[in-house]
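Numbering (the working numbering), first residue to last: 1 to 411.
Working notes, structure below.
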């Protein structure tokens, strides 16, 4: 073995387990650093909408399309590009994706108009979807079986920390230096992630199982996976229905000042990061069972929020619980999809993971759209109760999945 291979041992991802010791923490942190940059660019646009709209002389709803087009880029790019790139070795693929991510943000930072900015957002969305789908399968492959959900949680921690730190900081940069500066700074974060992937990921990561495009998309006829994707969609429709309109809800219903709302959103983001890690630990053994319990708690907390949102302290306490639970289901959901795909056909694991990432974004889009309808038709106070409806649907879908599995014990 040469000196280079001694420093960076190789890993081969397959349906079987792999043995990695010294490189596991470094490899996972490389994924986490990249996820932080990607998460920042996904959510920071929400805080930049007024600035972008004013600078480009467009309406706020038109600027809001930048959120939708990004989600479309993720939803389309995740399964399709993942399937087309399944034969490319994993490490080079992640490096190419980070280059695409950096390029998309640079293009956004120099975009002369709305159309070019939309194009940049779609390109960045492509990189987002494939990175998380491939990254999740790598994360599960380089750890012991009983740590797989925790590995996914560590990677997705970058996404959740981005909501707590990256988004407020990016919004602040945009307010003082212009929204273009924010995207250029995010490109800088992407460069850090690129360097981390080059030096920290194992030298050779590849999939043994490779199949045709037709075989990979056979997951659309897999009942268990379809149920899992639908569960993700309705779960995050419930989450984003409330999250998208959290600021006006706290200001207009709870009567919290604008400055205090910013602090509360920071606390909410920290709670999300905590919940993501905790959810990973809970989901390590039986992800479907953990998913059922966490969704049930989430529905309960959303129901309670319909009553506590009128009172400042109870509302903040309930909101913290909501934050803890919001992303706690990510590791369980992603691990269940990976496990189910492995049992069905190891060659479809990456595409199955990609479809779940796409489902997450589809749920976010559905929740944001539904929230807008609720606010216009019923009012802000009804937001949380409609979130309960989506959560209840996702709980029913998990129960159907458990019944389908037949081997999972609920209690």
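C-beta: ideal position from N, C-alpha, C; glycine also.
Do residue i and residue j have their CB atoms nearer than 8 angstroms?
{"i": "residue 349", "j": "residue 321", "result": "no"}
{"i": "residue 74", "j": "residue 125", "result": "yes"}
{"i": "residue 306", "j": "residue 315", "result": "no"}
{"i": "residue 294", "j": "residue 325", "result": "yes"}
{"i": "residue 412", "j": "residue 237", "result": "Outside the displayed span of the chain (1 to 411) sits residue 412, for which this structure offers no information."}
{"i": "residue 69", "j": "residue 130", "result": "no"}
{"i": "residue 250", "j": "residue 267", "result": "no"}
{"i": "residue 214", "j": "residue 47", "result": "no"}
{"i": "residue 105", "j": "residue 43", "result": "no"}
{"i": "residue 291", "j": "residue 197", "result": "no"}
{"i": "residue 165", "j": "residue 31", "result": "no"}
{"i": "residue 276", "j": "residue 327", "result": "yes"}
{"i": "residue 181", "j": "residue 188", "result": "no"}
{"i": "residue 27", "j": "residue 142", "result": "yes"}
{"i": "residue 40", "j": "residue 167", "result": "yes"}
{"i": "residue 53", "j": "residue 97", "result": "no"}
{"i": "residue 219", "j": "residue 341", "result": "yes"}
Would you mind sorting residue i into buried or exposed? The rule is 16 or more other CB atoms within 10 Å of its CB.
{"i": "residue 255", "result": "exposed"}
{"i": "residue 289", "result": "buried"}
{"i": "residue 177", "result": "exposed"}
{"i": "residue 38", "result": "buried"}
{"i": "residue 199", "result": "exposed"}
{"i": "residue 391", "result": "buried"}
{"i": "residue 310", "result": "exposed"}
{"i": "residue 221", "result": "exposed"}
{"i": "residue 285", "result": "exposed"}
{"i": "residue 252", "result": "exposed"}
{"i": "residue 145", "result": "exposed"}
{"i": "residue 185", "result": "buried"}
{"i": "residue 22", "result": "Interpretation of residue 22 is limited by its pLDDT of 40, a score under 50 that renders its predicted location unreliable; the figure taken from the coordinates is listed afterwards. Burial call: exposed."}
{"i": "residue 257", "result": "exposed"}
{"i": "residue 16", "result": "Because the pLDDT at residue 16 is just 37, under 50, the model does not fix this residue reliably, and the point stays unresolved."}
{"i": "residue 403", "result": "exposed"}
{"i": "residue 202", "result": "buried"}
{"i": "residue 7", "result": "Unreliable positioning characterises residue 7 in this predicted model, as indicated by a pLDDT of 31, which lies under 50. A coordinate reading is not provided."}
Can you tell which of the options has the C-alpha that lies nearest to the C-alpha of residue i?
{"i": "residue 122", "options": "380, 78, 32 and 200", "result": "78"}
{"i": "residue 140", "options": "280, 168, 381 and 392", "result": "280"}
{"i": "residue 298", "options": "387, 227 and 188", "result": "387"}
{"i": "residue 87", "options": "403, 351 and 382", "result": "351"}
{"i": "residue 379", "options": "51, 168 and 248", "result": "248"}
{"i": "residue 228", "options": "72, 329 and 152", "result": "329"}
{"i": "residue 149", "options": "261, 338, 260 and 55", "result": "338"}
{"i": "residue 282", "options": "168, 163, 151 and 382", "result": "151"}
{"i": "residue 91", "options": "54, 135 and 53", "result": "135"}
{"i": "residue 323", "options": "36, 246 and 217", "result": "246"}
{"i": "residue 313", "options": "261, 287 and 363", "result": "261"}
{"i": "residue 120", "options": "66, 97, 385 and 52", "result": "66"}
{"i": "residue 71", "options": "365, 385 and 406", "result": "365"}
{"i": "residue 384", "options": "317, 45, 405 and 303", "result": "303"}
{"i": "residue 163", "options": "368, 35, 76 and 401", "result": "35"}
{"i": "residue 401", "options": "278, 226 and 389", "result": "226"}
{"i": "residue 224", "options": "57, 296 and 405", "result": "405"}
{"i": "residue 107", "options": "147, 179, 49 and 278", "result": "179"}
{"i": "residue 287", "options": "55, 381 and 147", "result": "147"}
{"i": "residue 296", "options": "45, 55, 89 and 389", "result": "389"}
{"i": "residue 45", "options": "169, 76, 29 and 57", "result": "169"}
Task: Cβ contact check for the segment 384-404 and the segment 265-285: 3 or more pairs under 8 angstroms - done: no
Task: the segment 341-360 contacting the segment 106-118, beta-carbon criterion three pairs below 8 angstroms - done: no
- [ ] Would you mind listing the alpha helix (DSSP H) stretches within the segment 59-112 that are 4+ residues and don't spill past its ends, in chain order?
- [x] 60-84 and 90-110
Task: Three CB pairs or more closer than 8 angstroms across the segment 235-248 and the segment 369-388 - done: yes
TODO: Assess, as a yes-or-no matter, whether the segment 99-106 is touched by the segment 186-194 under the definition of 3 or more beta carbon pairs within less than 8 angstroms.
DONE: yes
Open item on the list: Across the segment 351-359 and the segment 332-340, are there enough close Cβ pairs to call them in contact, namely three or more that are closer than 8 angstroms?
Closed with: yes
Task: the segment 152-171 contacting the segment 81-91, beta-carbon criterion three pairs below 8 angstroms - done: no
- [ ] Write down every uninterrupted run of the alpha helix (DSSP H) in the segment 158-192 whose length is 4 residues or greater and which is fully enclosed by it, in chain order.
- [x] 167-177
Open item on the list: Would the segment 54-65 count as touching the segment 220-234 if we require 3 or more Cβ pairs under 8 angstroms?
Closed with: no
Open item on the list: Suppose only complete runs of 4+ residues qualify. What are the alpha helix (DSSP H) ranges in the segment 255-316, listed by chain order?
Closed with: 258-283 and 287-308
TODO: Could you tell me which uninterrupted alpha helix (DSSP H) segments, each at least 4 residues in length, are contained entirely in the segment 311-349, listed from first to last along the chain?
DONE: 312-326 and 329-344
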